[in-house]
Amino acid sequence: MDFLPIAWVCRAGFYKSTVGNMECSKCPPHSFSHHEGSLHCGCERNYFRAEGDPASMACTRPPSAPRNVISSINETSVILDWSWPEDSGGRRDATFNVLCKRCRGEAANGTSGGNLRCEPCRSKVHFLPRATGLHNTTVTVGDLLAHTNYTFEIEALNGVSSLAPKMRQYAAVTITTNQAAPSPVTVIRKEKTSRNSVSLSWQQPERPNGIILDYEIKYYEKEEQETSYTILRARGCNVTLNGLKPSTAYLLQIRARTAAGYGASSPSFQFETSPDSAFSISSESSQVVLIAISSAVAIILLTVLLYVLIGRFCCHSKSKHPDEKRLHFGNSHMRLPGIRTYVDPHTYEDPSQAVHEFAKELDASCIAIDKVVGAGEFGEVCSGRLKMPSKKEICVAIKTLKGGYTDKQRRDFLAEASIMGQFDHPNIIRLEGVVTRSKPVMIVTEYMENGSLDSFLRKHDAQFTVIQLVGMLRGIASGMKYLSDMGYVHRDLAARNILVNSNLVCKVSDFGLSRVLEDDPEAAYTTRGGKIPIRWTAPEAIAYRKFTSASDAWSYGIVLWEVMSYGERPYWEMSNQDVIKAVEEGYRLPPPMDCPATLYQLMLDCWQKERNNRPKFEEIVSILDKLIRNPGCLKITANTTSRPANLLLDRSSSEIPALDTLGDWMDGMRTLPCKEAFSGVSYSSCDTLAKTSTEDLKKVGVTIVGPQKNIVSSLKALDSYTKNGPVPV
Ligand code: ACK
């Protein structure tokens with residue numbers, strides 16, 4: 245510290261930078277002077293004065309980290325946006341540096357987390373406007389590699405940051421780039437020329453951005469200037485163009501194709517065919533040349549033949565075309581000719597390719613989010629509007645993927661869209677598209693005004709006619725028939741996964757593979773490890789994971805029960821273990837209150853232990869159609885007043901209860917070993933039941949005389965009921 249030699253010295257906490265009679269100044273913020281006569285004030289700990297800062301200026305410190313970093317990925321470029329640091333450090337000269345790192349390992353997307361090994365990005369990565377000394381809070385980074393993890397560290401700096409390297413702070417964001425078309429082919433070589441052919445080879449594009457499916461080779465006579473051209477495709481990096489004119493200049497362009505589409509064309513490559521004279525032959529040597537040509541032709545023909553054969557073999561063994569990657573799920577149903585088959589997105593080498601194969605990429609600017617309507621495992625479910633250019637605005641539901649997700653979570657989230665995008669049916673929720681190139685990642689579907697079927701029914705307890713309920717059930721069955729025809733097994737069919745629109749149309753939703761079950765709060769872990777929604781699942785699927793359309797039919801029976809009981813919980817508060825045991829022992833849910841006997845019969849058929857005896861969805865649709873056409877068949881209810889509604893029925897019992905009422909008769913039917921004999925007829929024609937004789941009953945094993953009589957007279961009463969309305973029985 246310097247001291248003034250005269251009496252007018254400044255006291256501690258004050259300073260005077262020049263000698264003279266001027267007044268002492270108070271030390272500016274974050275500075276101090278402990279001694280009298282200070283010429284300037286020193287900075288407090290962790291505060292600094294940059295070169296050129298006047299003594300009157302407060303001491304400052306480096307800024308805090310930038311905040312709220314948002315990344316918007318567009319194929320292989322990303323726009324990074326962030327907010328100013330909360331603490332500027334007391335200065336106004338903040339700038340930002342962006343450091344790019346290419347990372348391998350499992351990324352925790354959107355954050356700096358995850359288990360990543362990173363290295364500095366290649367010098368080819370471009371920053372716009374630049375990587376360092378940014379005055380604004382945004383930068384565009386281009387020419388990244390496709391499908392690659394990057395971490396960007398955004399550092400805030402100011403005039404004193406260089407004085408305190410340890411205090412420098414940055415925010416980090418990790419992203420994964422999307423798929424992108426391949427970069428252009430740049431190197432083309434002429435291998436061989438003749439008067440009417442040329443052989444060429446080229447180098448794979450520098451950035452293939454995926455697996456190159458093939459190359460498109462376009463060529464034309466230079467003079468014709470592209471008015472007519474020829475296009476060839478090649479799988480490898482070479483081609484021979486035949487049928488060319490001698491002594492002619494040609495221009496050629498090559499472009500590579502991946503699942504993301506075609507890349508840009510190569511610059512035009514010029515070549516010329518040999519003149520006619522090159523192959524003109526003297527009369528003396530004509531015979532020799534003729535022999536040589538014939539041999540060459542024979543060799544070429546042989547080569548072509550071999551090439552075709554090998555090509556075919558290769559195509560069969562390793563084609564990557566999606567049509568050839570169809571998975572036939574464990575479905576006992578025959579594939580119908582002309583009906584497309586579901587493609588499992590996980591058969592794609594990169595499942596995120598599948599999403600672009602089956603789902604339309606939407607521009608986030610076309611979507612307006614209105615409000616949050618629910619929560620999914622991956623993020624919020626919102627309602628909103630979608631306005632596509634030159635299309636009418638429509639209401640949509642938007643499922644979002646919340647930040648901080650891992651690559652796997654992103655893949656699983658988008659797998660649902662890859663699956664949904666393959667379906668097109670009025671009873672399957674329609675996918676409008678996905679947003680994957682900006683954040684948040686979204687799945688956009690049609691909007692279903694009445695939400696999930698289970699809560700909708702609970703809200704409207706006993707408010708619908710049976711025909712309305714059957715109409716809803718018919719829709720669900722029709723959607724399920726479509727799925728089973730496609731070879732898709734839902735595995736989580738339940739009223740909570742059915743959505744209802746304003747016209748009471750029900751649509752099957754919630755698609756995915758293992759994810760569906762991970763996502764479902766009803767799903768519980770089984771002893772074999774998987775997670776299964778026990779109450780909705782067929783015994784063979786619980787016991788040994790035999791999920792088929794027949795196990796979906798079991799679940800459909802449970803949905804039928806849920807619908808007819810207005811959203812009651814199947815098996816009430818019984819534990820999952822008790823449910824498994826009871827079902828295994830042959831017990832089944834009883835008919836819901838006021839449930840038409842025919843519908844209860846359908847439930848019981850869906851719950852056949854032997855899965856091949858369960859009705860196919862096609863049959864269920866046809867049964868429900870018949871019921872809708874013959875509503876009289878819905879008038880007989882399966883209720884018993886004497887038995888509590890929350891007791892399971894023992895289907896295996898051979899004991900036939902006293903059959904005093906029509907309702908009791910229906911109950912009796914359910915407990916008979918002969919029930920199967922009646923299945924089918926009961927749905928289609930109530931008359932048929934009435935024609936059943938004691939002989940018929942004997943044939944199906946009802947040999948006890950009392951019950952026989954009761955059943956036959958009950959059948960007659962049933963016939964009369966459907967024709968004439970209620971009669972005393
Ligand atoms: O019963 P909800 O209102 O209907 O609550 C759930 C919530 O999001 C979580 O799944 C609602 N939801 C899901 N998809 C849609 C859709 N497409 N239209 C309307 N609501 C939906 C669902």
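First residue of the sequence shown: 245, per my numbering; consecutive thereafter. Ideal Cβ placement from N, Cα and C applies to all residues, glycine included.
Item	Value
So, helix, strand or coil for K942, using DSSP?	Low local confidence applies: a pLDDT of 45 at K942 is under 50, so the model's placement there is unreliable, and no value is given.
Helix, strand or coil: which one does DSSP assign to C365?	coil
What residue from G647, I672, Y810 has the CA that sits closest to H704's CA?	Y810
Considering only the alpha carbon of each residue, which of A797, N856, W851, A826 lies closest to V865?	A797
Assuming V688 and L630 are in contact, meaning their beta carbons sit under 8 Å apart, how far apart are those beta carbons, in whole angstroms?	6 Å
Using the Cβ count rule (16 or more neighbours within 10 Å means buried), how would you classify M808?	buried
Does the distance from the C-beta atom of V385 to that of S321 stay below 8 Å?	yes
Starting from M686, follow the alpha helix (DSSP H) in both directions and report where the run begins and ends.	That residue, M686, is in no alpha helix (DSSP H); its beta strand (DSSP E) goes 686-690.
Between L549 and S539, what straight-line distance do the alpha-carbon atoms span, to the nearest angstrom?	15 Å
Under a Cβ-count criterion, where at least 16 other Cβ atoms within 10 Å of its own Cβ denotes burial, should M266 be classed as buried or exposed?	exposed
Under 6 Å Cβ to Cβ from S397, same chain only, skipping five residues before and after it: list those, please.	The sequence as given places Glu at residue 397; Ser does not occur at that position. Cβ within range, chain order: L343, Y414, A416.
Is it right to say N741 is buried, meaning 16 or more other beta carbons lie within 10 angstroms of its own, or is it exposed?	buried
Please state the DSSP three-state secondary structure of L871.	helix
Could you check if G334 belongs to the surroundings of the ligand ACK, using beta carbon to heavy atom distance under 7 Å?	no
Can you give me the Cβ contacts of F861 inside the same chain, cut-off strictly under 6 Å, excluding the 5 residues immediately before and after it?	A721, M724, K725, S728
CB T418 to CB T437, shorter than 8 Å?	no
Assign E1008 to one of three DSSP states: helix, strand, or coil.	In this structure the chain extends from 245 to 973, so residue 1008 is not present and cannot be described.
Would you report the Cα separation of Y259 and D337, rounded to the nearest angstrom?	26 Å
So, at 7 Å on beta carbons, what are the nonlocal neighbours of G677 in its own chain, with the 5 sequence-adjacent residues on each side left out?	A603, K604, E605, L606, V688
Write down the C-beta distance between A641 and S662 rounded to the nearest angstrom, noting that I regard them as a contact closer than 8 Å.	That pair is no contact at about 18 Å.
Taking the beta carbon of G264 as the centre, do at least 16 other beta carbons fall within 10 Å, making it buried, or is it exposed?	exposed
Suppose you measure from the CA of T938 to the CA of V714; what does that come to, to the nearest Å?	The pLDDT assigned to T938 is 45, lower than 50, so where the model puts this residue is not dependable; a value taken from the coordinates is nonetheless given after this. Straight-line Cα distance between these residues: approximately 32 Å.
The beta strand (DSSP E) that contains Y394, what's its start and end?	393-401
Helix, strand or coil: how does DSSP classify Y506 here?	strand
Given a cut-off of 8 Å on the beta-carbon distance, is the pair S441 and L378 in contact?	no
Can you tell me the Cα-Cα spacing of L903 and I880, whole angstroms?	With a pLDDT of only 31 at L903, under 50, the local geometry of the prediction cannot be trusted, and no value is derived from it.
Please state whether DSSP places Y414 in a helix, a strand or coil.	strand
Since P840 sits in a beta bridge, which residues does DSSP pair it with?	T881
Whole angstroms are fine: how far does the CA of A256 sit from the CA of S277?	5 Å
Roughly how many angstroms lie between the CA atoms of K775 and N671, to the nearest whole one?	26 Å
Tell me the DSSP secondary structure of Y815 in three-state form.	coil
Would you grab the beta carbon distance between D894 and Y831 for me? Rounded to a whole angstrom, and I think it's under 8 Å.	5 Å
Which of helix, strand or coil does DSSP assign to G257?	coil
Tell me where the alpha helix (DSSP H) around E700 begins and ends.	The sequence shown places Phe at residue 700, not Glu. Unbroken alpha helix (DSSP H) run through F700: 697-703.
Near T430, which residues of its chain fall below 8 Å by C-beta distance, leaving aside the five closest residues on each side in sequence?	Q447, P449, E450, S510, P511
Give me the DSSP bridge partner(s) of K270.	F258
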